[in-house]
Each structure stands twice: as structure tokens, then as C-alpha cells.
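A.B. asks: Just passing along the structure, written as C-alpha cells.
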Ligand SMILES: Nc1nc2c(c(=O)[nH]1)N[C@H]1C(S)=C(S)[C@@H](COP(=O)(O)O)O[C@H]1N2
Ligand SMILES: [Mo]
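Residue numbers (our numbering): 38 to 468.
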């Protein structure tokens, strides 16, 4: 699978350089302008989305439908980050009431009875165009064979703020801590089934789902609807068109009536409110695989890395930042670790800012595309500030590093995070 992906990327890159590929909906000029404009990424970081500007103060959140109580979420522009302390005791699946939301604009409230999915493009037999697509409605989809999978959805920028706070790097984008991830049980139809029903051709190269939310405008440029191509090899492997999350119909904010779930891959792959899918016999490009979701910076080629695919390795404590622990008492620390490259094999925890480490107990078997819960006991003796650290190793043998190579948009932070807490003089602690 991995080697398929890199062969595919080389092939697609060759097509792009040969000028065969096109960035649909965005002119070459716009793309070049975007790539050249150093200010674009900064604008993304600081501009409230159009939705935020337009949302009346009475709305519960920035264009988000579900309630966002401050104990469960931290609002960041048009997005809502999950507070990790709110996950303690919640079980393997993230309840919808605390699952993070990342919206480029705002949540559209769609009607499943008028919703249709349109498939079109040169990679389908007969090459139907966008005006005469192959169409399925919601009830067609519900009559197809369905599968249920566990998978996290995690923003590629999750943990971005630690590039700055721990490493002193300048990065642009939403200043997430570690709460731009959730794991859910998704039920839906394998995308491969729908593609074959639509007449997938042997020459298909890329598959590009597109959302029905508003056009995304950045730095004065309308980038069109949120869309990002997937190689056909991944699209027919384990991708699903999901209509259920944790046993309920998808909530509005998470893509109702239907979203794409692409296990292990960067969050942007999981297109919500999917309305159409272009299937092409050539590489496809959108701003989301050319300007965004690639690694740029001094450690990377001038044109950036290959488009991002898998998420990386991370760990988080289910503890509020700055939490206090009484000395002289045994505390149970809990958290979760996950990797885009496999399951979690081992987690170590330090309660003294990285001086000593102990093995955490794992509460879930290693599972690809999902996290493992863990716990460790701590009996602090000395009052004062300290930092909790968790360091995971995945089933490929990779361990979280102390420091990670920066990239200008702050994607894929995987270094060990220092979690500040303090120990207070407990009733049973000695003077
Ligand atoms: N149509 C559409 N799909 C989208 C987005 C969006 O803004 N519009 N955001 C993407 C990004 S960047 C992420 S990280 C995930 C977030 O999914 P969630 O809001 O269900 O947590 O959805 C992805 N799919
Ligand atoms: Mo994201």
C-alpha cells in the first residue's frame, strides 16, 4: 500500500510537471499568485472566516450548530477544539457533544431527501461531465451494502501551537493544542462500491470529493468549494461514504447527510457534506493539495513536499493545562496515543519533566487508524510546578521525538508535548 502511494505520487508529480494536470476551478495564475504571496498563510491564521464575520452574536458558535460549552470546547475562529480534560472517562469513541469541529466557512444544514451525490469525469466509463453526472440519492445509498469502521479524524495542524511554544518556530494557521482529533464509529458504504456502480474505468487516476458548504475565500481569492483529490488506490481501499457516527445519523456539523472518511489520512481528506465526486484519468489539483497540506520550509524542496497523506504519532493527557495534584496522594493519570502509520505498541510517561520515565498501562489493543487509551499512577511528594510528558511508540517502531522539523504551516507536529501541572501541599504530605 505504502509503495503504491509513492509510485502514484511520482506519477502524478510527473504529470503535473509535464503540464497535463490542471487545478480545477482555480486558474494557474491564481495558484501561482497564491504560492508566491507570502502573506497568504498569515491571512489564514488571522482572518476570521466569512462565516464568523456574518454570524450573529446570538448563534451558539462560529457557524457551528451544536452547543459549544466552554468546559468542553475552546473556540478558534470558525473551529471548535475539544478540551482533553473533557474526554476522561468517555470510552473509546468520542461523544458527538465533544468531538472537535473544523469548518473552513460554516455548517450548512442540508436535507437528506433533496441531497444527491453526483459522480462525473474522465475516469468513469463514458466520461460523463458535470452537467450529466451519474447520480445517487440518499435512499439509493442506504440500500447499498454498508460497513462499520472505527477511525479518527484529525486535523493535519493538530498540535500546531507547540511548534511555537516548545520550539520557538513561526508557523501560520489555527493555534490548536492537541484537541483537533476525535475517534468515532462510522457506518457507510465503501467508496469502491459507489465508484464501481458509477462505472469506474481502468484509467482512473484521482478521485476528488467536494463539499456543499460555501466557497472558501482566502486573501481575497475565491478558492471554490472545499475539495481535495485522493489517489484511486486509496479511494478503493478503505474509504467510506459515511452516513452514521457513533450509531446515530451524522450530526450537521460533521457532514450530514454524508461525508467521506479516509482512515489514517489528514483531516482535510474527510470531506463533509459531500455533493459530488470527480473521477479523472489524470492527476487532479486543488488548493488543498498544492498550497495547503504540503510541507514548506527550509528543510523541504522549494515547491514543498509531496501532498500529505497519513497523520503522524501523538499523545495527549486527559488533564487540563495547569491542573493541580495534591502531594502525598496517589493519582491516576490517563491519556491516549495514536498514529497514522499503525497501532500503538508502547507508551511511556514522565512526571518530572522528562528526567525519569515509566511504562503506562495500555487499555486498548493496537489498532490502525484509531487511538489507544492508557493510564499511569503518580504519587507526587514534592509541591511545586512540574510537567507531564507522554511518549508513544507505534507498531512500525517509531517513537515520538523530543523536537520535530518545522514547516511554515505547522502541520504534523509529533514531538513529545510538555504538559504543565503543579503539585500542591496535600493534607497527608510531610512538611
Ligand atoms: N466540506 C468540508 N469538508 C471538510 C472541511 C470543510 O471545511 N468543509 N474541513 C476539513 C478539515 S480541515 C478537517 S480537519 C475535518 C474536520 O472534521 P470534523 O469537523 O468532523 O471534526 O473535516 C474536513 N472536511
Ligand atoms: Mo484540518
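Where is the CB? At the ideal position from N, CA and C, for every residue including glycine.
Computed from a predicted model, the values in this text were never measured in an experiment.
Any chance you could list the beta strand (DSSP E) runs of at least 3 consecutive residues sitting entirely within the segment 400–452, in chain order?
C.D. replies: Taking only runs of at least 3 residues, the beta strand (DSSP E) segments lying wholly in the segment 400–452 are 409–415 and 421–431.
A.B. asks: Between the alpha carbons of residue 147 and residue 265, how many angstroms are there, rounded?
C.D. replies: The straight-line gap from Cα to Cα measures roughly 21 Å.
A.B. asks: Report yes if the C-beta of residue 297 is less than 8 Å from at least one heavy atom of ligand 2; otherwise report no.
C.D. replies: No, the beta carbon of residue 297 sits no closer than 8 Å to any heavy atom of ligand 2.
A.B. asks: As a quick exercise: from 338, 332, 354 and 359, pick the residue whose alpha carbon is nearest that of residue 347.
C.D. replies: With distances taken between Cα atoms, residue 347 lies closest to 332.
A.B. asks: Inspect the CB distances between the segment 155–167 and the segment 311–323 and report whether three or more fall short of 8 Å.
C.D. replies: A contact exists between the segment 155–167 and the segment 311–323.
A.B. asks: DSSP on residue 378, reduced to helix/strand/coil?
C.D. replies: If DSSP states are grouped into helix, strand and coil, residue 378 belongs with coil.
A.B. asks: With a 10 Å radius around its C-beta and 16 neighbouring C-beta atoms as the bar for buried, classify residue 422 as buried or exposed.
C.D. replies: With fewer than 16 other Cβ atoms within 10 Å, it is exposed.
A.B. asks: Among 269, 328, 458 and 354, whose alpha-carbon lies nearest the alpha-carbon of residue 448?
C.D. replies: The candidate whose alpha carbon is nearest that of residue 448 is 328.
A.B. asks: May I have the straight-line CA-CA distance separating residue 456 from residue 171, to the nearest angstrom?
C.D. replies: Roughly 51 Å between the two C-alpha positions.
A.B. asks: Kindly indicate which three-state DSSP category residue 348 falls into: helix, strand or coil?
C.D. replies: Residue state, collapsed to three classes: coil.
A.B. asks: Just checking: is the beta-carbon of residue 432 within a distance shorter than 9 Å of some beta-carbon in chain D?
C.D. replies: Looking at the structure shown, chain D is missing, and only one protein chain is on hand.
A.B. asks: With a threshold of 6 Å on Cβ separation, who are the neighbours of residue 218 within its own chain once the five nearest residues in sequence on each side are excluded?
C.D. replies: Around residue 218: 189, 191 and 195.
A.B. asks: Tell whether a beta-carbon distance below 9 Å holds between residue 300 and residue 381.
C.D. replies: No.
A.B. asks: Exposed or buried, what is residue 209 when buried is set at 16 or more other beta-carbons lying within 10 Å of its beta-carbon?
C.D. replies: Buried is the call here.
A.B. asks: Which same chain residues, not among the five before or five after residue 383, have their C-beta less than 6 Å away from its C-beta?
C.D. replies: Excluding sequence neighbours, residue 383 sits near 430.
A.B. asks: If I follow the unbroken beta strand (DSSP E) through residue 243, where does it start and stop?
C.D. replies: Element bounds for residue 243: 243–248.
A.B. asks: Going by the beta-carbon positions, is the gap between residue 407 and residue 121 smaller than 9 Å?
C.D. replies: The answer is no: Cβ separation not under 9 Å.
A.B. asks: Would you kindly work out how many angstroms separate the C-alpha atoms of residue 294 and residue 108, rounded to a whole number?
C.D. replies: Roughly 28 Å separates the two Cα atoms.
A.B. asks: Please go through the same chain and pick out, in chain order, the residues whose beta-carbon is closer than 8 Å to the beta-carbon of residue 398, but skip the five residues on each side of it.
C.D. replies: Same-chain partners within the cutoff: 411, 412 and 413.
A.B. asks: Any heavy atom of ligand 1 within a distance shorter than 8 Å of the CB on residue 136?
C.D. replies: Yes, the Cβ of residue 136 comes within 8 Å of a heavy atom of ligand 1.
A.B. asks: Using a Cβ-Cβ cutoff of less than 8 Å, which residues in the same chain neighbour residue 453 once the five nearest sequence positions on both sides are dropped?
C.D. replies: These residues qualify, in order along the chain: 352, 391, 426, 427, 428, 437, 438 and 439.
A.B. asks: Starting from the C-beta of residue 132, find all residues in its chain whose C-beta is less than 6 Å away, skip the five residues before and the five after it, and write them out in chain order.
C.D. replies: Around residue 132: no qualifying Cβ.
A.B. asks: Determine the burial state of residue 285: buried for a count of at least 16 other Cβ atoms within 10 Å of its Cβ, exposed for fewer.
C.D. replies: The residue in question, residue 285, is exposed, as its Cβ has fewer than 16 Cβ neighbours within 10 Å.
A.B. asks: Quick one: any contact between the segment 139–154 and the segment 240–257, if contact means 3 or more CB pairs under 8 Å?
C.D. replies: Flag = yes, the segment 139–154 and the segment 240–257 touch.
A.B. asks: For residue 272 versus residue 296, is the C-beta spacing smaller than 9 Å?
C.D. replies: For residue 272 and residue 296, no; Cβs fall outside 9 Å.
A.B. asks: Considering only DSSP beta bridges, list what residue 282 is partnered with.
C.D. replies: DSSP lists 223 and 285 as partners of residue 282.
A.B. asks: Anyone know if the C-beta pair for residue 113 and residue 193 falls short of 9 Å?
C.D. replies: The answer is no: Cβ separation not under 9 Å.
A.B. asks: Identify which residue in 111, 119, 263 and 184 has its Cα closest to the Cα of residue 324.
C.D. replies: Of the listed residues, the one whose Cα sits closest to residue 324 is 263.
A.B. asks: Would the beta-carbon of residue 458 fall within 9 Å of that of residue 361?
C.D. replies: Yes, Cβ-Cβ distance for residue 458 and residue 361 is below 9 Å.
A.B. asks: Confirm, please, whether the CB-CB distance from residue 345 to residue 375 is below 9 Å.
C.D. replies: Against a cut-off of 9 Å, the Cβ pair of residue 345 and residue 375 comes out as no contact.
A.B. asks: Rounded to the nearest angstrom, what separates residue 123 and residue 379 at their Cα positions?
C.D. replies: Looking at the two C-alpha atoms, the distance is approximately 26 Å.
A.B. asks: I need the straight-line Cα distance from residue 226 to residue 236, nearest angstrom please.
C.D. replies: For residue 226 and residue 236, the distance between alpha carbons rounds to 16 Å.
A.B. asks: Looking at residue 444: is its Cβ nearer than 9 Å to the Cβ of residue 334?
C.D. replies: Cβ atoms of residue 444 and residue 334: closer than 9 Å.
A.B. asks: Alpha carbon to alpha carbon, how far is residue 350 from residue 442?
C.D. replies: Taking the straight line joining both Cα atoms gives about 14 Å.
A.B. asks: Rounded to whole angstroms, how far is the Cβ of residue 243 from the Cβ of residue 321, which I believe are closer than 8 Å?
C.D. replies: Yes, residue 243 and residue 321 are in contact; Cβ-Cβ is about 4 Å, under 8 Å.
A.B. asks: CB-CB under 6 Å to residue 433, same chain, minus the five flanking residues each way: which ones, in chain order?
C.D. replies: The answer, listed in chain order, is 378 and 379.
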